[in-house]
Amino acid sequence: MKVYLYLLIIFLSVLTLNAQKKVSIGILSDAQLKSKSELLIELQNEIIAVVGQDAEITFGELLANNNNSTTAKKNYETLLANDTDIIIAFGIVNIKLLLNQKLYPKPLIIFGNVNSDLVAFPRSKKTSEID
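In structure tokens:
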């Protein structure tokens with residue numbers, strides 16, 4: 000009986016070690032992109048290639064704000080409230096919104112740039128400080 004118990008424990012341990020971590024990525028954009036956009040597909044493929052077999056990556060629906068700051072805020076709050084693990088943001092409207100946040104509850108990757116006269120970026124803050 001003890002042998003079967005040990006084998007069961009070993010079997011469950013192996014299953015746990017082999018389980019992939021699931022990571023959900025949400026994407027914010029100023030402009031509506033086609034879901035089959037070559038650029039978007041290439042970005043998703045690159046992320047999957049870099050992560051490799053360390054995690055199972057899923058991408059949520061791209062949330063576009065159509066250059067509207069109110070919609071940008073709503074979209075960001077949607078990703079904070081759902082099961083998104085990492086947020087990727089594009090565009091000036093999103094960047095301005097995100098740089099003005101006091102806290103970043105989820106890891107955030109911002110693509111693009113904004114003139115320094117449009118935002119007051121805290122020079123002392125180099126990362127989101129999320130481990």
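Residue numbering for the sequence shown follows numbering that gives the first Met the number 0, beginning at 0 and increasing consecutively.
Ideal Cβ positions, reconstructed from N, Cα and C, are used throughout, including at glycine.
As the structure is a computational prediction, the values presented were derived from the model and not from experiment.
Residue i: first and last residue of the uninterrupted alpha helix (DSSP H) it sits in
| i | result |
| --- | --- |
| Thr57 | That residue, Thr57, is in no alpha helix (DSSP H); its beta strand (DSSP E) goes Ala54 to Phe58. |
| Ser36 | Where Ser36 is concerned, there is no enclosing alpha helix (DSSP H), given that its DSSP letter is neither H nor E. |
| Ser68 | Ser68 to Ala80 |
Own chain partners of residue i with C-beta closer than 8 Å, once the 5 adjacent residues on each side are dropped
| i | result |
| --- | --- |
| Leu62 | Gly25, Ile26, Leu27, Ser28, Asn74, Thr77 and Leu78 |
| Ile85 | Val22, Ser23, Ile24, Gly25, Lys105, Pro106, Leu107 and Ile108 |
| Thr83 | Ser23, Ile24, Gly25, Gly59 and Lys105 |
| Ile46 | Ile24 and Ile56 |
Where the beta strand (DSSP E) containing residue i begins and where it ends
| i | result |
| --- | --- |
| Ser23 | Lys20 to Ser28 |
| Leu107 | Leu107 to Phe110 |
Residue i and residue j closer than 8 Å at C-beta
| i | j | result |
| --- | --- | --- |
| Leu96 | Lys72 | yes |
| Gly111 | Ile87 | no |
| Lys20 | Ala48 | no |
Beta-carbon proximity list for residue i, same chain, < 6 Å, skipping 5 on both sides
| i | result |
| --- | --- |
| Gln43 | Phe58 |
| Gln31 | Ala63 |
| Thr70 | Asn64 |
| Val92 | Asp29, Asn64, Asn66, Ser68 and Ala71 |
| Leu39 | Leu32 |
Residue i in three-state terms, based on DSSP
| i | result |
| --- | --- |
| Leu102 | coil |
| Leu61 | coil |
Residue i beta carbon near the ligand ATP (any heavy atom closer than 7 Å)
| i | result |
| --- | --- |
| Phe58 | No copy of the ligand ATP occurs in the structure displayed, which carries no ligand at all. |
Residue i at chain B interface by Cβ criterion, 8 Å
| i | result |
| --- | --- |
| Asn99 | Going by chain labels, chain B is absent from the structure shown, which holds only one protein chain. |
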